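Below you'll find the structure, written out as structure tokens, and then a few comments.
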Amino acid sequence: MAMDWLKIREALAAPVGTAFCVKGWVRTRRDSKADGGLSFIALGDGTCFDSLQVVARRELANYESEVLRLTAGCAVEAEGSLVASAGKGQAVELAATELRVLGWVENPDSYPVSAKRHSFEYLREVAHLRARTNTFGAVARVRHCLSVAIHEFFDRHDFYYIHTPIITASDCEGAGEMFRVSTLDLLDLPRTADGQVDFDKDFFGREAHLTVSGQLNVETYCLALSRVYTFGPTFRAENSNTSRHLSEFWMIEPEIAFADLDADIELAEDFLKSILDVLLTRRADDMAFFDQRVDPGVVSRLRGIVDKPFRRISYTEAVDELGKAKRDFEFAVEWGADLQSEHERYLCEERFDQPVVVTDYPKEIKAFYMRLNDDHRTVAAMDVLVPRVGEIIGGSQREERLAVLEQRIREAGLPEKDYWWYLDLRRYGTVPHAGFGLGFERLVQFCTGMANIRDVIPFPRAPRQAEF
RNA sequence: GGCUCCGUAGCUCAGGUGGCAGAGCGGCGGCUUGUUAAGCCGAAGGUCGCAGGUUCGAUCCCUGCCGGAGCCGCCA
0 MAMDWLKIRE ALAAPVGTAF CVKGWVRTRR DSKADGGLSF IALGDGTCFD
50 SLQVVARREL ANYESEVLRL TAGCAVEAEG SLVASAGKGQ AVELAATELR
100 VLGWVENPDS YPVSAKRHSF EYLREVAHLR ARTNTFGAVA RVRHCLSVAI
150 HEFFDRHDFY YIHTPIITAS DCEGAGEMFR VSTLDLLDLP RTADGQVDFD
200 KDFFGREAHL TVSGQLNVET YCLALSRVYT FGPTFRAENS NTSRHLSEFW
250 MIEPEIAFAD LDADIELAED FLKSILDVLL TRRADDMAFF DQRVDPGVVS
300 RLRGIVDKPF RRISYTEAVD ELGKAKRDFE FAVEWGADLQ SEHERYLCEE
350 RFDQPVVVTD YPKEIKAFYM RLNDDHRTVA AMDVLVPRVG EIIGGSQREE
400 RLAVLEQRIR EAGLPEKDYW WYLDLRRYGT VPHAGFGLGF ERLVQFCTGM
450 ANIRDVIPFP RAPRQAEF
């Protein structure tokens, strides 16, 4: 075919009169007997939210035999020229001079993604086809946009992208249950003399798991390259059944040297604002859809976050605020206990109605590597809470003092010898440093207003859910 | 891991205290229309998640299993 192939995003922006061809999947088809007979085909190729209206007239050789048989999901290639639309609803449309069917839908009556509204629960069961719906197409483009914006932000601020391992032999921060990685034959396990499983015979010669965090590894590069980050898959074998948890998710973990908790919070705030701003600018089409159909008000909510400083509050102050709240909580609030979901939501949704950064938590409820404050009761930790999703970022200044860190590892009951290389960092040129972890899917949830985290990742993995 | 709820046509759902099932949308046929959540008419489409049990009789009651959802906990 001699004609240029334009993506639908390009076609919609082309000048009237341009001749080109497009390729995509039929969203809907409507027929009219006016003007001697013609059909309107909404064609989408995923390059933008909108579809292109292709007008196919009876004069086409295959009008009766093929055009009139098109249904949602058929793959077609159409060529013609762009004309000002004679109808309402779109500025331009493609007046087709030829239309070829590339792939039919075998059983239109049972095509899983027919031209009607489907529940997200149902679409999860046909995850291989749900990308063809406007919602999941929009989610995919938003994910991409945010990913790119994240890398751009870090690149602009002199951060290096470090690829930390997926398979790990250390139980890092004890961040949760881990998935075992093994090549041993489960039906015939090698045993040691005392009857234990002999992991010396396993692939790595020791127990290995999928990573629950790249933080400990990335700290090593932080203390050499100053500003680094990871952005990769993370695995938690927790039996979590909520709309905010996945067994496999993506996490962004920046780590900055010569920095304290304040610098860490500042980074988190700049970072979030920057990528939200990029999203609102570059994906205005998809965001308008989420604002209209999924979560009325998301766009202005995100806009407000970009424009306003975050609210900062210490854990101790947060406990006071919760104590003063004129409402009942299922769980009592007392100093020393971790904040419950209801408490976090009260703070960022009701009390302040904006992102809230809670700092300086009791050391007992936080990880061993977080820097002990001078009061010896709290650590330099921070959580960023946002409406609806709750904790979207968790971070801290790291304990850089060798003796204190060793003490904290002992208190946590962790095997000190497993952390020899992590402790080495405190022996050789230690320096104050800090970082945080951002759950990518929670970010996408927050940005789109999608209620369930399983609907913002292409193929969700959760307890009893690993199809596709 | 705890608590709660759900599983009826391709999809979304209705089916008062048991008597062999309905609607809307989709798909199909027709009419109308430069249409766009199109409109009107018509026909088709269901072993009421699976397996047992109670009963003269079960979509409806009981038990188990399978699948799904929500909230809480764990956290990102």
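Final position of the first sequence in numbering that gives the first Met the number 0 is 467; the numbers increase by one with none missing.
Every residue, glycine too, gets a C-beta built ideally from N, C-alpha and C.
Note that the structure is predicted; figures quoted are calculated from it, not measured.
(request) Return the bridge partner residues of S313 from the DSSP annotation. (result) Here the question's residue 313 lines up with position 314 in the first sequence. Bridge partners of S313: T358.
(request) Sort M381, E398 and D157 by Cα distance to E390 and report the nearest one. (result) Numbered from 1 along the first sequence, position 391 holds the residue referred to as residue 390. It is M381 whose Cα lies nearest to the Cα of E390.
(message) I452 and Q444 - do their beta-carbons sit closer together than 8 Å?
(response) Against the first sequence, residue 444 aligns to sequence position 445. Against the first sequence, residue 452 aligns to sequence position 453. Yes; because the gap between Cβ atoms is below 8 Å, this pair is in contact.
(request) Could you tell me the distance, in whole angstroms, from the CA atom of A83 to the CA atom of V53? (result) Within the first sequence, the letter at position 84 stands for residue 83. Within the first sequence, the letter at position 54 stands for residue 53. One Cα belongs to A83, the other to V53, and the distance between them is close to 12 Å.
(message) Tell me the residue span of the alpha helix (DSSP H) that contains L279.
(response) Mapped onto the first sequence, residue 279 falls at position 280. Element bounds for L279: L260 to R281.
(request) Evaluate Q396 with the Cβ neighbour count: other Cβ atoms within 10 Å of its Cβ, from every protein chain shown; 16 or more gives buried, anything less gives exposed. (result) Locating residue 396 in the first sequence gives position 397, where the first residue counts as 1. By the Cβ-count criterion, Q396 is buried, with 16 or more other Cβ atoms from all chains shown falling within 10 Å of its own Cβ.
(request) Look up S395 in the DSSP assignment and give the residues it is bridged to. (result) The residue labelled residue 395 in the question sits at position 396 within the first sequence. In the DSSP output, where bridge partners are listed per residue, S395 has A380 and G434.
(message) In the DSSP assignment, the beta strand (DSSP E) including W24 goes from what residue to what residue?
(response) Along the first sequence, one-based indexing puts residue 24 at 25. That run of the beta strand (DSSP E) goes A18 to S31.
(request) Name the two residues that bound the continuous beta strand (DSSP E) containing T229. (result) Locating residue 229 in the first sequence gives position 230, where the first residue counts as 1. According to the DSSP assignment, T229 belongs to the beta strand (DSSP E) that extends over R226 to F234.
(request) Can you say whether Y418 is buried or exposed, counting buried as having 16 or more other CB atoms within 10 angstroms of its CB? (result) Along the first sequence, one-based indexing puts residue 418 at 419. By the 10 Å Cβ count, Y418 comes out buried.
(request) Just tell me which of G393, L128 and A236 has its CA closest to the CA of S113. (result) As a first step, residue 113 is located in the first sequence; it is residue number 114 there, counting from the start. That would be L128, whose Cα lies nearest to the Cα of S113.
(request) Quick one: using the 10 Å Cβ neighbour count with 16 as the cut-off for buried, is Q195 buried or exposed? (result) In the first sequence, residue 195 corresponds to position 196, counting from 1. Classification of Q195: exposed, given that the 10 Å Cβ count is below 16.
(request) Look at G438 and F248 and say whether their C-beta atoms are less than 8 Å apart. (result) Position 439 of the first sequence, counted from the start, is the residue given in the question as residue 438. Position 249 of the first sequence, counted from the start, is the residue given in the question as residue 248. Taking 8 Å as the cut-off, the beta carbon of G438 is found closer than this to the beta carbon of F248.
(message) Helix, strand or coil, according to DSSP, for T191 in the structure here?
(response) Your numbering for residue 191 matches position 192 in the first sequence. DSSP places T191 in coil when its eight states are reduced to three.
(request) Measure the Cβ-Cβ separation of P459 and L245 and say whether it is below 8 Å. (result) Counted from its first residue, the first sequence places residue 459 at position 460. Counted from its first residue, the first sequence places residue 245 at position 246. In this structure, L245 lies closer than 8 Å to P459 by Cβ.
(request) Kindly give me the distance between the Cβ atoms of K362 and V378, rounded to whole angstroms, as I take these residues to be in contact under 8 Å. (result) Your numbering for residue 362 matches position 363 in the first sequence. Your numbering for residue 378 matches position 379 in the first sequence. 5 Å between Cβ atoms; contact.
(request) Determine the extent of the beta strand (DSSP E) in which E415 is found, giving its start and end residues. (result) Here residue 415 is taken as the residue at index 416 of the first sequence, counted from 1. Looking at the DSSP string, E415 is not in any beta strand (DSSP E), and its letter there is neither H nor E.
(request) Put M2 into one of helix, strand or coil per three-state DSSP. (result) In the first sequence, counting from the first residue as 1, residue 2 sits at position 3. Three-state result, M2: coil.
(request) Using a threshold of 8 Å, state whether the C-beta atoms of R400 and R425 are closer than that. (result) To locate residue 400, count along the first sequence from 1; it is residue 401. To locate residue 425, count along the first sequence from 1; it is residue 426. Yes, they are a contact pair.
(message) In whole angstroms, give me the CA-to-CA distance for K6 and C144.
(response) Taking the first sequence and counting its residues from 1, one reaches residue 6 at position 7. Taking the first sequence and counting its residues from 1, one reaches residue 144 at position 145. About 18 Å.
(message) Just to check my reading of the structure: Q214 and G436 have Cβ atoms closer than 8 Å, yes? What is that Cβ distance to the nearest angstrom?
(response) Mapped onto the first sequence, residue 214 falls at position 215. Mapped onto the first sequence, residue 436 falls at position 437. Cβ atoms of Q214 and G436 come within 8 Å of each other, at about 7 Å.
(message) Quick check on DSSP: helix, strand or coil for V297?
(response) For this step, residue 297 is matched to residue 298 along the first sequence. It is helical.
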